[in-house]
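Reading through the structure tokens given below for one structure.
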Ligand SMILES: Cc1ncc(COP(=O)(O)O)c(C=O)c1O
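Numbering (the numbering used here), first residue to last: 40 to 467.
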């Protein structure tokens, strides 16, 4: 006689073996008994440890989200203004699969420049995406379907989710050298040597600015060398631009790598995110674009981007697109945004200077020049995983075990305490 659990499983349309597994009678296994607990995301683990810590002076330097000088999350005034302008909108319908066209038109101008030739020639395929992660995911899926021979070249190290994204899309990954621990700077020689091994049509993931986690960006001259090599080797650039404006405070300057590649006539892909530079983290708003060879190619590529998006999430969310369109589409609001994003970048830059100053005042024997040379939200401090553990245990200061400090969590009030703790763990 069939057990009740199996019968119930069969009624749900499962095969007889699945139905047996579905049975909860205790004789057979549960359907989920082989599912293991997934490893914790390292950042979430840090947040949990931070929240459980009772020390009133504790610091969370793990999370990559901007904080003001009181360590509070910030909603930009320009976003508040845009919210008030779109409030009461009667439009709550679905967006098209590719999102809001007016939004993506404005986005690609921000990335490639108002007068960029590929835009004028209609050669840019673009869709609204679920922030930077969503753009990368679409690119990875696009590669899986349409560039099946292509490998993705990923810098070592990189934002850890890059690996998950291309792994899930079953695209073969190769690493290229990026960071040189001895100089705490760019390993340009290693980078060029590794990329020269790429095959024509391979895709190279480049952080457009404010490289995460190292804070190390190539100089304009180094970008030129990278672009030249990639052109020779017929490698396709994919820029992940999660921090435009947030790095230097200037949106054009932060897009200079892209502009160098444009000048050299590259076709390229680009992922944009408005999480950091507009503080729209939870709105999941970004843009995924590909510069193609012709307007016809752009049409075909864009239609396939939509074909990938449709079974994943059908269409992207409305609210963030309305906000960004309002801001980028209005000259006064755009200027106000430029000011505010500059303010955030400058606060971080000044915290870098203060941290370095304090460490040097403490006569710490290690060099700390890299703290001010690196750029963006993160400082790759160079301390060891054991020293990171000591910071957490002895000083309630939390960061990822690779020694990455989120400078967004450093303020005029806690910077001296951080410097003293760093001094202690690096000298004791
Ligand atoms: C390099 C890089 N790419 C992409 C992202 C994705 O961010 P989001 O999906 O929130 O836009 C991040 C976030 O930290 C990042 O650092």
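Virtual Cβ for every residue (Gly too), placed ideally from N, Cα, C.
Because the structure is a prediction, the values reported are computed rather than measured.
Per DSSP, the bridge partner or partners of residue i
{"i": "residue 350", "result": "DSSP, once it has assigned bridges, lists no residue as partnering residue 350."}
{"i": "residue 216", "result": "195"}
{"i": "residue 245", "result": "278"}
{"i": "residue 300", "result": "In the DSSP output, where bridge partners are listed per residue, residue 300 has none listed."}
{"i": "residue 225", "result": "218"}
{"i": "residue 437", "result": "99"}
Range of the contiguous alpha helix (DSSP H) that encloses residue i
{"i": "residue 443", "result": "Here residue 443 belongs to no alpha helix (DSSP H); instead the beta strand (DSSP E) covers 443–445."}
{"i": "residue 396", "result": "370–400"}
{"i": "residue 191", "result": "First-last for residue 191: 191–195, but that is the beta strand (DSSP E), not the alpha helix (DSSP H)."}
{"i": "residue 366", "result": "358–367"}
{"i": "residue 72", "result": "Counting along the chain, residue 72 falls outside any alpha helix (DSSP H), and DSSP gives it neither H nor E."}
{"i": "residue 110", "result": "Here residue 110 belongs to no alpha helix (DSSP H), and DSSP marks it neither H nor E."}
{"i": "residue 143", "result": "140–151"}
{"i": "residue 327", "result": "Residue 327 -> not in any alpha helix (DSSP H); beta strand (DSSP E) instead, spanning 325–330."}
Check whether residue i and residue j have beta carbons under 8 Å apart
{"i": "residue 250", "j": "residue 209", "result": "no"}
{"i": "residue 437", "j": "residue 89", "result": "yes"}
{"i": "residue 178", "j": "residue 308", "result": "yes"}
{"i": "residue 415", "j": "residue 248", "result": "yes"}
{"i": "residue 419", "j": "residue 254", "result": "yes"}
{"i": "residue 306", "j": "residue 275", "result": "yes"}
{"i": "residue 110", "j": "residue 318", "result": "no"}
{"i": "residue 147", "j": "residue 445", "result": "no"}
{"i": "residue 340", "j": "residue 329", "result": "yes"}
{"i": "residue 145", "j": "residue 283", "result": "no"}
{"i": "residue 252", "j": "residue 443", "result": "yes"}
{"i": "residue 261", "j": "residue 295", "result": "no"}
{"i": "residue 398", "j": "residue 458", "result": "yes"}
{"i": "residue 372", "j": "residue 365", "result": "yes"}
Distance cut-off 7 Å: residue i Cβ against heavy atoms of ligand 1
{"i": "residue 358", "result": "no"}
{"i": "residue 170", "result": "yes"}
{"i": "residue 320", "result": "yes"}
{"i": "residue 240", "result": "no"}
{"i": "residue 262", "result": "no"}
{"i": "residue 281", "result": "yes"}
{"i": "residue 294", "result": "no"}
{"i": "residue 198", "result": "yes"}
{"i": "residue 314", "result": "yes"}
{"i": "residue 202", "result": "no"}
{"i": "residue 101", "result": "no"}
{"i": "residue 246", "result": "yes"}
{"i": "residue 251", "result": "yes"}
{"i": "residue 254", "result": "no"}
Extent of the continuous beta strand (DSSP E) to which residue i belongs
{"i": "residue 166", "result": "163–168"}
{"i": "residue 308", "result": "307–312"}
{"i": "residue 423", "result": "Neither: residue 423 is in no beta strand (DSSP E) and is coded neither H nor E."}
{"i": "residue 266", "result": "No beta strand (DSSP E) holds residue 266; the alpha helix (DSSP H) holding it covers 259–271."}
- Could you tell me whether the stretch 279–292 touches the stretch 378–387, using the rule of 3 or more Cβ pairs below 8 Å? yes
- Task: Could you tell me whether the stretch 210–217 touches the stretch 157–176, where touching means 3 or more Cβ pairs closer than 8 Å?
- Result: no
- Any 3 or more C-beta pairs closer than 8 Å across the stretch 351–363 and the stretch 184–198: Contact between the stretch 351–363 and the stretch 184–198 is not established, with fewer than three Cβ pairs separated by less than 8 Å.
- Message: Does the stretch 131–147 come into contact with the stretch 158–169, if we say contact requires no fewer than three beta-carbon pairs (one atom in each stretch) closer than 8 Å?
- Response: yes
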